[in-house]
Amino acid sequence: MLGNFTYCNPTKLYFGENALDFLPRELKKYGENIMLCYGGGSIRKNGIYDQVISSLQESGKNVYEDGGVMPNPTVEKLYEGCKIARENHVDLILAVGGGSVCDYAKAVSVSAYSAEDPWEKYYLRMEDVDNKIIPVGCVLTMVGTGSEMNGGAVITHPTQKLKIGHVFGENVFPKFAVLNPVFTYTLPKYQKVAGIYDIFNHICEQYFSGEDDNTSDYIAEGLMQSLIHASEIAVQNPTDYEARSNIMWTATWALNTLIAKGKSTDWMVHMIGQSVGAYTNATHGMTLSAVSMAYYRHICPYGLSKFVRFAKNVWNVETGNKTNEQVAAEGLSAMEKWMRELGLVMNISELGVSESMLEGIVNGTRMMNGGYKQLTKSDVMEILKASL
Ligand code: NZQ
Ligand code: ZN
Numbered sequence: 063m064l065g066n067f068t069y070c071n072p073t074k075l076y077f078g079e080n081a082l083d084f085l086p087r088e089l090k091k092y093g094e095n096i097m098l099c100y101g102g103g104s105i106r107k108n109g110i111y112d113q114v115i116s117s118l119q120e121s122g123k124n125v126y127e128d129g130g131v132m133p134n135p136t137v138e139k140l141y142e143g144c145k146i147a148r149e150n151h152v153d154l155i156l157a158v159g160g161g162s163v164c165d166y167a168k169a170v171s172v173s174a175y176s177a178e179d180p181w182e183k184y185y186l187r188m189e190d191v192d193n194k195i196i197p198v199g200c201v202l203t204m205v206g207t208g209s210e211m212n213g214g215a216v217i218t219h220p221t222q223k224l225k226i227g228h229v230f231g232e233n234v235f236p237k238f239a240v241l242n243p244v245f246t247y248t249l250p251k252y253q254k255v256a257g258i259y260d261i262f263n264h265i266c267e268q269y270f271s272g273e274d275d276n277t278s279d280y281i282a283e284g285l286m287q288s289l290i291h292a293s294e295i296a297v298q299n300p301t302d303y304e305a306r307s308n309i310m311w312t313a314t315w316a317l318n319t320l321i322a323k324g325k326s327t328d329w330m331v332h333m334i335g336q337s338v339g340a341y342t343n344a345t346h347g348m349t350l351s352a353v354s355m356a357y358y359r360h361i362c363p364y365g366l367s368k369f370v371r372f373a374k375n376v377w378n379v380e381t382g383n384k385t386n387e388q389v390a391a392e393g394l395s396a397m398e399k400w401m402r403e404l405g406l407v408m409n410i411s412e413l414g415v416s417e418s419m420l421e422g423i424v425n426g427t428r429m430m431n432g433g434y435k436q437l438t439k440s441d442v443m444e445i446l447k448a449s450l
């Protein structure tokens, strides 16, 4: 049975090759002080920075730059951003980049006027926002996280070795997002495929949970099929607009709250992957790919009928006279083959994890309870050892 829910997604999207032309229309709605957040410099090399700056200038805005947002943004950087936002009475935070920049912008938006330490309030105590929120807009350059249309903001505390996501409500979603698939053409292959797997895993996290007949699961299967198809084309030909645009659109729908509505969800691959990320600072999508096969093989017996459905509907596995266990295993093998062909990292050693880190990674893993098996610490340890 579909559970009860409310649904509202307030983010306005501009999608396509001319999407950035609509930026002035959005800028008009806000005051004159704009904080421009971006990463380590890719937007300066590929020309997106110049395009955004001229749009801001034409709109008569005062621009306060906050570059150098690192992949897996840190709490120290967050404090720095809060200061810039407060001191300049920023009216809008414009994030130009990938999930890290968009997440960071949202974290600054809720933290700049927080009376308490935002790490403790939002990330350790998981409290709601009760102070002024600065509006955020995004110009997306890296596809995967869905951050452009959701309330997620993941922050890393390097000394505490914790990487934690807070999923904020509609009031923190970006007000608008500019999605031009061409902006993703310059992504290095490593980032491109990491993003593709991030999308796939977001869908899996919401699919591998519950037994109900649920519209969301059918949508999820369609999204997975489109992504698998487009990914194979995009890896061969990075400038195939059709494939890149389908990947971009799939990423948004994979994590903009729609497919989780009315059903339970898992999220344990993300919880383990995030803890691996806290110890290694590895690329998010790769932390997921490196633990996924061990995780799904570990839980498969507990959610067998869903894994059979996944094998048949997503990977076109023929059932014939095979047992359910065989069909499910073939589905996971097909998924593994696709992942290896994309060139994903398939073990945590390659990300820099050593045996001595495992206990800390287990302790840093937040336990969720929607998956087919409620994991214990020893389950997580087993999965990590199988992923080494
Ligand atoms: O920093 P620059 O120089 O811009 O380079 C970036 C960065 O090194 C580069 N890049 C981005 N666009 C590019 C480009 N290089 C060339 N051409 C372009 N067009 O790509 C690198 C990675 O960028 P990043 O933003 O870190 O990647 P991603 O989008 O995967 O974001 C990862 C962060 O998002 C969080 C992750 O945990 C991680 O911190 N997540 C956020 C979620 C959410 N908001 O719901 C959910 C996800 O599960 C995830 O946890
Ligand atoms: Zn993710």
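With positions in the sequence shown counted from 1, the corresponding number in this note's numbering is that position plus 62. Glycine residues also receive a C-beta, built at the ideal position from the N, C-alpha and C atoms.
Alpha-carbon to alpha-carbon, Cys266 and Val297: 21 Å
Exposed unless 16 or more other CB atoms sit within 10 angstroms - verdict on Ser416: exposed
beta-carbon Asp83 near ligand 2 non-hydrogen atom, thresh 6 Å: no
Coarse secondary structure for Gly347, derived from DSSP in three states: helix
Segments of 4+ residues assigned as alpha helix (DSSP H) that fall wholly inside the segment 267-344: 277-298, 303-316 and 330-342
Cβ-heavy atom distance, Thr198 to ligand 1, below 6 Å: Correcting the residue type first, residue 198 is Val in the shown sequence and not Thr. Result no, Cβ not under 6 Å from ligand 1.
Spatially closest choice to Val137 from Asp279, Met443 and Ala340, by CA coordinates: Ala340
Every unbroken beta strand (DSSP E) inside the segment 337-425 [3 residues or more]: none
Cβ distance (whole Å) where Thr246 is taken to contact Ile110 below 8 Å: With 8 Å as the limit, Thr246 and Ile110 do not qualify as a contact, their Cβ atoms being about 11 Å apart.
Arg306 burial status per 10 Å Cβ neighbour count (16 or more: buried): buried
Buried versus exposed, by CB contacts within 10 Å (16 or more), Pro72: exposed
For Gly143, three-class secondary structure by DSSP: helix
Assigned secondary structure, Val6 (DSSP; H/G/I helix, E/B strand, else coil): Past the boundaries of the shown model lies residue 6; the chain is included only from 63 to 450, so the question cannot be answered.
Any non-hydrogen atom of ligand 2 closer than 6 Å to Asp165 Cβ: no
Under the three-state DSSP convention, the category Met429 falls into: coil
Ile196 versus Glu232 - alpha carbon distance: 13 Å
Gly208 classed as buried or exposed, judged by whether at least 16 other C-beta atoms fall within 10 angstroms: buried
Strand pairing of Glu227, partner residues [DSSP]: According to the sequence as given, residue 227 is Gly; it is not Glu. Paired residue(s): Val216.
contact_flag[the segment 370-377, the segment 274-287] where n(CB pairs < 8 Å) is 3 or more: yes
Inter-residue Cα distance where the pair is Val170 and Ser354: 31 Å
heavy atom of ligand 2 below 6 Å from Asp260 C-beta: yes
Cβ contact check for the segment 209-228 and the segment 246-264: 3 or more pairs under 8 Å: no
Whole-angstrom C-beta distance between Ala390 and Leu366, which should lie under 8 Å: 6 Å
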